Structure formats: structure tokens, C-alpha cells
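One structure below.
Numbering (our numbering), first residue to last: 268 to 461.
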């Protein structure tokens with residue numbers, strides 16, 4: 268069993284400060300959301316999400332700063348669950364999502380990688396595996412940039428959930444280690460409102 272980080276864009280008027288509501292939000296799989304025509308864009312990072320966090324934040328996760336670079340992966344206001352053993356949901360306001368989108372648009376991935384590579388490469392096979400490792404993280408960076416750009420364009424907030432999932436062969440190794448999903452039909456992806 269692995270833990271995945273799922274991020275979902277939500278129009279601010281629809282957002283509720285309820286863990287029950289957040290759980291229902293993430294119960295919808297891509298197909299059911301697509302068939303109902305509901306607009307919820309989603310991004311998912313596999314169990315290596317902490318390494319993606321390291322690339323942006325440049326330090327251990329959960330730093331207390333509200334800078335956009337610290338909010339890309341694990342940033343946001345925690346909404347605690349009744350069962351304190353379960354991780355909280357994290358919520359970025361629409362304004363915070365816009366700031367993150369701005370950061371990702373301007374960020375030089377190569378500079379971010381250079382800062383984090385010495386710590387990350389030993390976990391992924393060392394210098395010999397750097398091209399493949401760099402490519403996997405760069406692809407995840409592009410997917411996050413696209414997700415946040417569309418979210419900012421639509422004026423949406425972001426809800427994040429650390430969810431345990433059976434690995435099902437996904438997320439093993441560096442190749443194919445990121446999952447990306449857009450859970451809306453192509454027509455609703457290009458438009459913000461239904």
C-alpha cells in the first residue's frame with residue numbers, strides 16, 4: 268500500500284469546510300465525474316510526493332512559511348479529521364492557488380533541480396540514473412504547472428488529500444512514477460464554468 272497525494276480544483280462557492288464533504292469530493296473517480304459533466308480537475312502524485320516537495324520548498328516539508336514555493340505540494344490550511352491518526356485535508360484558497368501558479372510559471376526547473384539533486388539522486392540510482400530521474404521530476408513539474416495554471420485561470424481553490432492506495436504496479440521506480448489525471452471532459456477542461 269502506498270500513499271498518493273491527490274489535488275483537486277474546486278470552485279470557491281462549492282467549497283465546504285467539512286471533512287465529510289472533502290471525502291465525498293474525492294470519492295468521485297474520473298469516469299463518474301466525466302459522465303456527470305462536473306468540473307473537477309485533478310492531479311495526483313505517487314508515493315514520491317515528498318521528493319517533489321523537496322524540489323520546490325528546498326527544505327523538509329511543512330515549513331511554516333506561506334510562500335508559494337512551499338504550497339505547491341504540501342501547502343495549505345489543514346482541515347483536521349475526527350480521527351487524528353488520518354492526515355488532514357489541505358486547502359489552498361483561490362488566491363493562494365493563483366500565487367502557486369505564478370511561482371510555477373516563473374520557476375526555472377533546472378535551477379530547482381540543481382538545488383535538490385544531491386539529496387534526491389541517491390534515492391533513484393545515483394548519477395547514472397540522473398537523466399531518467401530528472402525527466403520524471405520535470406514531467407511532474409510540467410503537470411503541476413498546467414494544473415495550477417488552469418486552476419488559477421478558473422479562479423478555483425485546491426483541496427489536497429494524502430490517500431493510501433494499493434500500488435497496482437503504479438509508481439514503481441522512476442519511470443512512470445507520476446500519475447496525472449484530468450477528470451473532466453475535454454470541453455470542460457478548456458472552459459472554467461459548466
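Think of the CB as a built atom: it goes at the ideal place given N, C-alpha and C, for glycine as much as any other residue. Computed from a predicted model, the values in this text were never measured in an experiment.
For a test of the three-state rule: what should DSSP assign to residue i, helix, strand or coil?
i: residue 341; result: coil
i: residue 360; result: coil
i: residue 431; result: strand
i: residue 275; result: strand
i: residue 317; result: helix
i: residue 311; result: strand
i: residue 349; result: coil
i: residue 424; result: strand
Assign residue i to one of two classes, buried (16 or more other C-beta atoms within 10 Å of its C-beta) or exposed (fewer than that).
i: residue 280; result: exposed
i: residue 395; result: exposed
i: residue 420; result: exposed
i: residue 381; result: exposed
Our contact map puts residue i next to residue j with C-beta atoms below 8 Å; I'd like the distance itself, whole angstroms only.
i: residue 225; j: residue 411; result: Any answer about residue 225 is impossible in this case: the structure gives the chain only from 268 up to 461.
i: residue 323; j: residue 336; result: 5 Å
i: residue 356; j: residue 289; result: 5 Å
i: residue 309; j: residue 274; result: 7 Å
i: residue 314; j: residue 270; result: 6 Å
i: residue 383; j: residue 325; result: 7 Å
i: residue 430; j: residue 318; result: Not confirmed; about 18 Å, so no contact.
key: Stretch-stretch touch, CB-based, cutoff 8 Å, three pairs: the region 420 to 433 with the region 348 to 361   = yes
inquiry  = Could you check whether the region 285 to 294 touches the region 339 to 356, counting it as contact only if at least three pairs of C-beta atoms, one from each stretch, sit closer than 8 Å?
reply    = Contact between the region 285 to 294 and the region 339 to 356 is present, because at least three Cβ pairs lie under 8 Å.
message = Under 8 Å, with one C-beta from each stretch per pair, do the region 373 to 380 and the region 403 to 410 reach the 3-pair mark?
response = yes
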